[in-house]
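Undergrad:
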Amino acid sequence: MTAPVVVLVGPPGAGKSTVGRLLAERLDVTFRDTDQDVEQLAGKPIPEIFIDEGEPHFRALEVRAVEAATTGHPGVLALGGGAVMAERTRELLRDLPVVYLEVALGDAVKRVGLDAPRPLLAVNPRAAWRELMEARRPLYLEVATAVVDTEGRSPEQVADAVLEALELKTP
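If you count by my numbering, then the sequence shown holds residues 6 to 176, one letter each, in order.
1. Can the beta-carbon of F36 be found closer than 8 Å to that of V81?
2. How about L46 and T75: are their beta carbons less than 8 Å apart?
3. Just mark I54 as buried or exposed, buried being the case when its beta carbon has 16 or more other beta carbons within 10 Å.
4. Compare the beta carbon distance of L182 and P160 with 8 Å and say whether it is the shorter of the two.
5. In this structure, how does DSSP classify Q142 when only helix, strand and coil are distinguished?
6. Going by DSSP, which residues form a beta bridge with A83?
7. Tell me which residue opens and which closes the alpha helix (DSSP H) that L97 is part of.
8. When you compare only the Cα positions, how much space is there between V132 and G25?
9. By the three-class DSSP mapping on this structure, what secondary structure does L110 have?
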């Protein structure tokens, strides 16, 4: 089994992909995003999976993607925002270096935009985001080895904080 050196979790707009790419570059490893893996598995974008097959089908694909990535990717891994909802995903993350990127609603809105194709945020995005966070924040905290607050920080500063929190050295 080859495990990731860092797993990033957090809501949409937390910066998981942006920070993940920076971390991978600094650590001289590859970057992988389970949302992209799901799209490859399904052969279509995530919003279309939600529309055509529904959320349960998407979540099943997501668990498969997380399982493959947590057991076969030696780099930096970013999980989709809702991946932690699945008990199997939380089990897979149990002994891994997981960092929860915490983000304030205002920052998330600026980063994601209210018109972005995010199925669970389509209607009343601010209220939907708050609801998602009420359900997900305890799960992010459950799986996290460390929590990094992204508020007021550039992606580079967040990456620095992740490296510091996990005591990782760059080559």
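Glycine included, each C-beta is placed from N, C-alpha and C at the ideal position.
TA: According to the data block:
1. Translated into the one-based positions of the sequence shown, residue 36 becomes position 31. Translated into the one-based positions of the sequence shown, residue 81 becomes position 76. Yes, they are a contact pair.
2. For the purposes of this step, residue 46 is taken as residue 41 along the sequence shown, with counting starting at 1. For the purposes of this step, residue 75 is taken as residue 70 along the sequence shown, with counting starting at 1. Not a contact, by the Cβ cut-off of 8 Å.
3. Position 49 of the sequence shown, counted from the start, is the residue given in the question as residue 54. By the neighbour-count rule (16 or more Cβ atoms within 10 Å), I54 is buried.
4. Outside the displayed range of the chain (6 to 176) lies residue 182, so it cannot be described from this structure.
5. Locating residue 142 in the sequence shown gives position 137, where the first residue counts as 1. Going by the sequence as given, residue 142 is Arg instead of Gln. DSSP places R142 in helix when its eight states are reduced to three.
6. The residue labelled residue 83 in the question sits at position 78 within the sequence shown. Beta-bridge pairing links A83 to L13, D38.
7. Within the sequence shown, numbered from 1, the residue matching residue 97 stands at position 92. Segment 92-98, the alpha helix (DSSP H) holding L97.
8. If you number the sequence shown from 1, residue 132 lands on position 127. If you number the sequence shown from 1, residue 25 lands on position 20. The residue asked about is misnamed: residue 132 is Ala in this sequence, not Val. A132 and G25: Cα-Cα distance of roughly 27 Å.
9. For the purposes of this step, residue 110 is identified with residue 105 of the sequence shown, where counting begins at 1. It is helical.
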